[in-house]
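Trainee:
Protein chains: 2
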Amino acid sequence: MKPVASTSEQILDVAQSLIVAGGYNGFSYADIADAIGIRKASIHHHFPTKAELVSALVDRYRQQTELGLKSLQAQSASPADQLQSYVDFWKACIGNASLPFCVCAMLAGEMPMLPDEVASRVRGHFHHLAEWLTSVLQAGAKQHLFRLDKRPEQEAQMLMASVHGAMLSARAFDDPGLFAAIVEPQIARLRAPVR
Amino acid sequence: MKPVASTSEQILDVAQSLIVAGGYNGFSYADIADAIGIRKASIHHHFPTKAELVSALVDRYRQQTELGLKSLQAQSASPADQLQSYVDFWKACIGNASLPFCVCAMLAGEMPMLPDEVASRVRGHFHHLAEWLTSVLQAGAKQHLFRLDKRPEQEAQMLMASVHGAMLSARAFDDPGLFAAIVEPQIARLRAPVR
DNA sequence: GTTTACCTATCTACTAGTAGGTAGACGTTC
DNA sequence: GAACGTCTACCTACTAGTAGATAGGTAAAC
Chain L
1 MKPVASTSEQ ILDVAQSLIV AGGYNGFSYA DIADAIGIRK ASIHHHFPTK AELVSALVDR
61 YRQQTELGLK SLQAQSASPA DQLQSYVDFW KACIGNASLP FCVCAMLAGE MPMLPDEVAS
121 RVRGHFHHLA EWLTSVLQAG AKQHLFRLDK RPEQEAQMLM ASVHGAMLSA RAFDDPGLFA
181 AIVEPQIARL RAPVR
Chain S
1 MKPVASTSEQ ILDVAQSLIV AGGYNGFSYA DIADAIGIRK ASIHHHFPTK AELVSALVDR
61 YRQQTELGLK SLQAQSASPA DQLQSYVDFW KACIGNASLP FCVCAMLAGE MPMLPDEVAS
121 RVRGHFHHLA EWLTSVLQAG AKQHLFRLDK RPEQEAQMLM ASVHGAMLSA RAFDDPGLFA
181 AIVEPQIARL RAPVR
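Going down the list, the sequences are from chains L and S.
For the first sequence, UniProt numbering gives the first residue as 1, with consecutive numbering after it.
For the second sequence, UniProt numbering gives the first residue as 1, with consecutive numbering after it.
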């Protein structure tokens, strides 16, 4: 039995799924209030402003991500397996529609009109993810698991863009399988044995 | 001297730049009215509802795209050059911030909450672009300009995802140069000479 | 007895959309 | 060529509904 989430966690849960569906301007306090059966004013008690709510949301998301990526490193020593697990995570999310899009990718699209405090946090997530991917690629190259055509930083950026672009395509074509069809060949290319 | 655009064209121009900045829910009739110096009601005269406005916008965008891609085919016989020109177009747009994001990529992110009439048009643009890329890759492969590891449809999807993901990253990192850094190696990979 | 978590009630600003009117351009018809 | 109706493009003024946010109160917990 899963313990009942606190109200503030419920608020963030609902807000997250609404943002994933429609972005920063795609949800309102009323939407959240209706979804969890409290009043709008009660949400303001937990998160005085919308910018603070979404900032807290991105902070939590980044914390979860950090934890998740660390546990990947703990579970599998091989950088190749770590990378595959990362992709598999999103494959599952998109497949079962539980989290069919990255919150930060969604918000990044709206960057020009996000409150500064939110925008900087989103940028922070992108930096963090790029660094993680870079380090995994670097470690894999050292163990001759990966063949990198470019500097690891650049390969990491290419991979990240593929993942986000694949999410978008899966959504645009309404075809969850498209995500794997796009991303898998990209990591397969990296794993190709040295010629 | 450029002829003065009609009011309805001006409305679509402003709406497009606002959508590119903040998506479907990121602009209002009042924003457009203020920008071009007319009243809200006058916009409703040209486009009765917001869904109709954005539908017309996507129709126009797709028409422009179709024209642009056709002229690429007319200008350069080589599929390799066509592909490069396509990427260069976006490189320039992102570089000078004139159109730093694809309207349809922006809207695709918000797919789950778009009016049906808009969503289907966005999907249409994605299909059309995927088909164009597929045909260019196919033609290039026939002329031995490209080496395709996968079926041309799949390579087209991978390329498209790279382009959209690269747009997102350029925006997230606030680094226009990142677009080329991500996309160029992807097309270089396709152009690699047969081993 | 202060803090926490919620409530009702309300506010101002803004949302898309409507009703109805005006002024000029266009084309007929006498 | 003047008078007529119609059409286009815009306007002012308004609606009902929603946005985020606030004030102030209640009731239970620590």
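Note that CB positions come from ideal geometry on N, CA and C, so glycine has one too.
1. Quick check on residue 75 of chain L: does DSSP put it in helix, strand or coil?
2. DSSP three-state call for residue 123 of chain S: helix, strand or coil?
3. So for residue 7 of chain S, helix, strand or coil by DSSP?
4. If distances are taken between C-alpha atoms only, which option among S:8, S:17, S:130 and S:32 comes closest to residue 102 of chain S?
5. My assumption, with CB atoms under 8 angstroms, is that residue 155 of chain S sits in contact with residue 55 of chain S. Please give the rounded CB distance.
6. Taking a cut of 7 angstroms between CB atoms, which residues from the segment 102-126 of chain L lie near chain S?
7. Closest by CA to residue 166 of chain S, which one among S:93, S:68, S:34 and S:41?
8. Mark residue 196 of chain L as exposed unless 16 or more other C-beta atoms lie within 10 angstroms of its C-beta, in which case mark it buried.
9. Tell me whether residue 23 of chain L sits in a helix, a strand or coil according to DSSP, three-state version.
10. Where do the N-terminal and C-terminal ends of the alpha helix (DSSP H) with residue 112 of chain L fall, by residue?
11. What does the alpha-carbon distance come out to for the pair residue 195 of chain S and residue 9 of chain L?
12. Given that a residue counts as buried once 16 or more other Cβ atoms are within 10 Å of its Cβ, and exposed if not, what is residue 77 of chain L?
13. In this structure, how does DSSP classify residue 97 of chain L when only helix, strand and coil are distinguished?
14. For residue 145 of chain L, which option in L:159, L:191, L:108 and L:119 has the closest C-alpha, if you only look at C-alpha atoms?
15. On a Cα-Cα basis, can you pick out the residue from L:37, L:99, L:115 and L:31 that is closest to residue 170 of chain L?
16. Quick check: what's the CA-CA separation for residue 62 of chain L versus residue 90 of chain S?
17. Have a look at residue 14 of chain S and residue 35 of chain S and give me their C-alpha separation to the nearest angstrom.
18. Check the C-beta distance from residue 115 of chain S over to residue 150 of chain L and give it rounded, since I have them as a contact under 8 angstroms.
19. I'd like the list of long-range same chain contacts for residue 180 of chain S, defined as Cβ closer than 6 angstroms, with 5 residues on each side in sequence excluded.
20. Which same chain residues end up closer than 6 angstroms to residue 69 of chain L when comparing Cβ atoms and leaving out the 5 residues on each side of it in sequence?
21. What is the DSSP secondary structure of residue 38 of chain L, reduced to helix, strand or coil?
22. Cα separation between residue 159 of chain S and residue 32 of chain L?
23. Any beta-carbon of chain S closer than 8 angstroms to the one on residue 21 of chain L?
24. For residue 80 of chain L, tell me which candidate among L:168, L:109, L:134 and L:161 has the shortest Cα-Cα distance.
25. At a CB distance below 8 angstroms, what residues from the segment 154-178 of chain L approach chain S? Give them in sequence order.
26. Mapping DSSP to helix, strand and coil, what is residue 28 of chain L?
27. Quick one: which chain S residues come within Cβ less than 9 angstroms of residue 79 of chain L?
28. Which stretch, first to last residue, makes up the alpha helix (DSSP H) that contains residue 179 of chain S?
29. For residue 40 of chain L, which residues of its own chain have a beta-carbon under 7 angstroms away from its beta-carbon, when the five flanking residues on both sides are left out?
30. Using alpha carbons as the reference points, say which of L:21, L:7, L:125 and L:128 lies closest to residue 47 of chain L.
31. Tell me the rounded alpha-carbon separation between residue 200 of chain S and residue 189 of chain S.
32. In angstroms with no decimal places, state the Cα-to-Cα distance between residue 276 of chain S and residue 130 of chain L.
33. State the DSSP-derived secondary structure class of residue 173 of chain S, mapped to helix, strand or coil.
34. Whole angstroms is fine: what's the gap from residue 53 of chain L's alpha carbon to residue 38 of chain L's?
35. Of all Cβ atoms in chain S, is any one closer than 8 angstroms to the Cβ of residue 56 of chain L?
36. Taking Cβ-Cβ distances below 7 angstroms as the criterion, which residues of the UniProt domain "HTH tetR-type" (5-65) of chain L are in contact with chain S?
Mentor: This is what the structure holds:
1. Here residue 75 of chain L refers to the residue found at position 75 when the first sequence is read from its first residue. Helix at residue 75 of chain L.
2. In the second sequence, counting from the first residue as 1, residue 123 of chain S sits at position 123. Here residue 123 of chain S sits in helix by DSSP.
3. The residue you call residue 7 of chain S lines up with position 7 of the second sequence. Correct three-state label for residue 7 of chain S: helix.
4. One-based indexing of the second sequence puts residue 102 of chain S at position 102. Among S:8, S:17, S:130 and S:32, the Cα nearest to that of residue 102 of chain S belongs to S:17.
5. Reading the second sequence from its first residue, position 155 is the one you call residue 155 of chain S. Reading the second sequence from its first residue, position 55 is the one you call residue 55 of chain S. With 8 angstroms as the limit, residue 155 of chain S and residue 55 of chain S do not qualify as a contact, their Cβ atoms being about 31 angstroms apart.
6. 105, 106, 108, 109, 110, 111, 112, 113, 122, 123 and 126
7. If you number the second sequence from 1, residue 166 of chain S lands on position 166. Closest by alpha carbon: S:93.
8. Lying before the first or after the last residue shown, residue 196 of chain L is absent from chain L, which here runs from 1 to 195.
9. Within the first sequence, residue 23 of chain L is the residue found at index 23, counting from 1. In the structure shown, residue 23 of chain L sits in coil (DSSP, three-state: anything other than H, G, I, E or B).
10. For this step, residue 112 of chain L is matched to residue 112 along the first sequence. Premise fails: residue 112 of chain L is in no alpha helix (DSSP H) and is neither H nor E.
11. For the purposes of this step, residue 195 of chain S is identified with residue 195 of the second sequence, where counting begins at 1. For the purposes of this step, residue 9 of chain L is identified with residue 9 of the first sequence, where counting begins at 1. Confidence in residue 195 of chain S is poor, its pLDDT being 47 and thus under 50, which makes the residue's placement too unreliable to answer from.
12. Locating residue 77 of chain L in the first sequence gives position 77, counting from the first residue. By the 10 Å Cβ count, residue 77 of chain L comes out exposed.
13. What you label residue 97 of chain L is simply residue 97 of the first sequence in a count that begins at 1. If DSSP states are grouped into helix, strand and coil, residue 97 of chain L belongs with coil.
14. For the purposes of this step, residue 145 of chain L is taken as the residue at position 145 of the first sequence. The candidate whose alpha carbon is nearest that of residue 145 of chain L is L:191.
15. Taking the first sequence and counting its residues from 1, the one referred to as residue 170 of chain L is at position 170. It is L:99.
16. As a working note, residue 62 of chain L is residue 62 in the first sequence. As a working note, residue 90 of chain S is residue 90 in the second sequence. Each residue's alpha carbon lies about 30 angstroms from the other.
17. Position 14 of the second sequence holds residue 14 of chain S. Position 35 of the second sequence holds residue 35 of chain S. Near 7 angstroms, if we compare the C-alpha coordinates of residue 35 of chain S and residue 14 of chain S.
18. Counted from its first residue, the second sequence places residue 115 of chain S at position 115. Counted from its first residue, the first sequence places residue 150 of chain L at position 150. The Cβ separation is near 42 angstroms, so there is no contact.
19. As a position in the second sequence, residue 180 of chain S is number 180, starting the count at 1. Excluding sequence neighbours, residue 180 of chain S sits near 91.
20. By 1-based counting over the first sequence, the position of residue 69 of chain L is 69. Hits under 6 angstroms: 132.
21. Looking up residue 38 of chain L in the first sequence gives position 38. In the structure shown, residue 38 of chain L sits in coil (DSSP, three-state: anything other than H, G, I, E or B).
22. Start at 1 with the first residue of the second sequence, and residue 159 of chain S comes out as number 159. Start at 1 with the first residue of the first sequence, and residue 32 of chain L comes out as number 32. Spanning the two alpha carbons is a distance of roughly 37 angstroms.
23. Taking the first residue of the first sequence as position 1, residue 21 of chain L is located at position 21. Closer than 8 angstroms: yes.
24. Counting from one through the first sequence, the residue named residue 80 of chain L turns up at place 80. Here the closest residue by C-alpha is L:134.
25. 154, 157, 158, 160, 161, 162, 163, 164, 165, 166, 168, 169, 171, 172, 173, 174 and 178
26. Position 28 of the first sequence, counting from 1, holds the residue named residue 28 of chain L. If DSSP states are grouped into helix, strand and coil, residue 28 of chain L belongs with coil.
27. Here the question's residue 79 of chain L lines up with position 79 in the first sequence. Residues of chain S passing the Cβ test: none, with the nearest at roughly 20 angstroms.
28. The residue given as residue 179 of chain S occupies position 179 in the second sequence. It spans 177-191 - the alpha helix (DSSP H) in which residue 179 of chain S sits, taken as one unbroken run.
29. By 1-based counting over the first sequence, the position of residue 40 of chain L is 40. The answer, listed in chain order, is 29, 30 and 33.
30. Within the first sequence, residue 47 of chain L is the residue found at index 47, counting from 1. Checking every option, the nearest Cα to that of residue 47 of chain L belongs to L:7.
31. A query on residue 200 of chain S cannot be resolved here, the shown segment of chain S reaching from 1 to 195 and no further.
32. As shown, chain S starts at 1 and ends at 195. That puts residue 276 of chain S outside it, with no answer to give.
33. Taking the first residue of the second sequence as 1, we reach residue 173 of chain S at position 173. Three-state result, residue 173 of chain S: coil.
34. Here residue 53 of chain L corresponds to residue number 53 of the first sequence, with the count starting at 1. Here residue 38 of chain L corresponds to residue number 38 of the first sequence, with the count starting at 1. Spanning the two alpha carbons is a distance of roughly 16 angstroms.
35. One-based indexing of the first sequence puts residue 56 of chain L at position 56. Chain S, which has no Cβ nearer than 8 angstroms to the Cβ of residue 56 of chain L, makes this no.
36. 21, 22, 23, 25 and 26
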